[in-house]
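Mapping to the numbering used here: the sequence shown position 123 is 143, numbers consecutive. Yeah, the Cβ is synthetic: ideal placement off N, Cα and C, and Gly gets one too. Bear in mind the structure is a predicted one, so any value in this text is a computation, not a measurement.
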Amino acid sequence: MSEIEIYAHRGASGHALENTWQAFQLAHQLQVGIELDIQMTQDGIAVVYHDDQLNRLAGMRSDVYAMAYDSLRLLSIRKRFRRFGSHSIPLAYEVIHWAKRKNIPLNIELKSSVAKHPEGPEIVSALLEGAGNVQLSSFDAELLKKMKSLQPHIEVAWILKRAVQWNELGKYKDFDSYHFHKRYHKAKWLEPIAKMGKPVRLYGISGNERILRALHPSVKGIITDYPARVKALWTQQPQHHRQKTSQEQ
């Protein structure tokens, strides 16, 4: 793995259906970390799925949180044109346990249903007992604060999606790291976090961006659908992973 961490977004989702065992196994073959999403069912079972609603991949007008796991596990998920075939929704426990055995770094995004469930944070915390290289991320700052209180040793990363949130960094300065889209890879947004001494991970990376040849020094990792593409680029030009200065891209 390069000096900058590479995480396969929802598994190697450029080559397999997102958040499925096939996508995770492909990412493992590429020797990169895995980014995945955890949702909570109505009866408190943590599953790996991105959307709050099941319509896009399962064709159902229902939220994951409205379903009991016994019903959810019977569903097949697929892309509209079935390019990646049909799959079932993985159990979070099984994926985390598998990654632990394989020593695969995990970047786990906690979705809104985790906060909605009365015991959601505690359920996820129990799943993470004994886990090694794991980060938790979320758009929900209050959920991250709760997770940090339950698992103080686990890194938590706040996902920033609006420029106005940079004004709130001081309020959440106890978070360990920050994640945001590659469009914010500019000194204006990176320097305030660099001054806090906190690392950044960028998502939305496709593998052909110019910024990958000169990432800001505060960038610790990238999240991409195409990890093989990024690895190939950095193998060809390993000296360009970091900027020498904090100049704006």
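### Host beta strand (DSSP E) of Met-60 (start-end)
53-60
### Query
With DSSP run on the structure shown, which of helix, strand or coil describes Asn-123?
coil
### Query
Taking C-beta to C-beta, are Ile-128 and His-48 nearer than 8 Å?
No, the Cβ-Cβ distance between Ile-128 and His-48 is not below 8 Å.
### Message
So, for Asp-63: in the same chain, excluding its five sequence neighbours on each side, which residues have a beta-carbon less than 7 Å away from its beta-carbon?
### Response
Ala-88, Tyr-89
### Query
What's the gap between the Cα of Leu-148 and the Cα of Phe-104?
30 Å
#### Entry: Inter-stretch contact at 8 Å, needing at least 3 Cβ pairs: the segment 105-123 / the segment 56-74
yes
### Message
Quick check on Ser-157: does DSSP put it in helix, strand or coil?
### Response
strand
### Task
Taking 8 Å as the cut-off, decide whether the C-beta atoms of Ala-146 and Leu-163 are in contact.
Contact flag unset, no.
### Query
Is there contact between the segment 155-162 and the segment 69-76, where contact requires at least three CB pairs shorter than 8 Å?
no
### Task
Can you check the segment 68-139 for any beta strand (DSSP E) of at least 3 residues that lies completely inside it and give the ranges in chain order?
126-130
### Message
Determine whether the beta carbon atoms of Arg-54 and Gly-241 lie at a separation below 8 Å.
### Response
Strictly speaking, residue 54 in this sequence is Ile, with Arg absent from that position. Here Ile-54 is not near Gly-241, since their CB atoms are 8 Å or more apart.
### Query
For Ile-116 versus Leu-130, is the C-beta spacing smaller than 8 Å?
no
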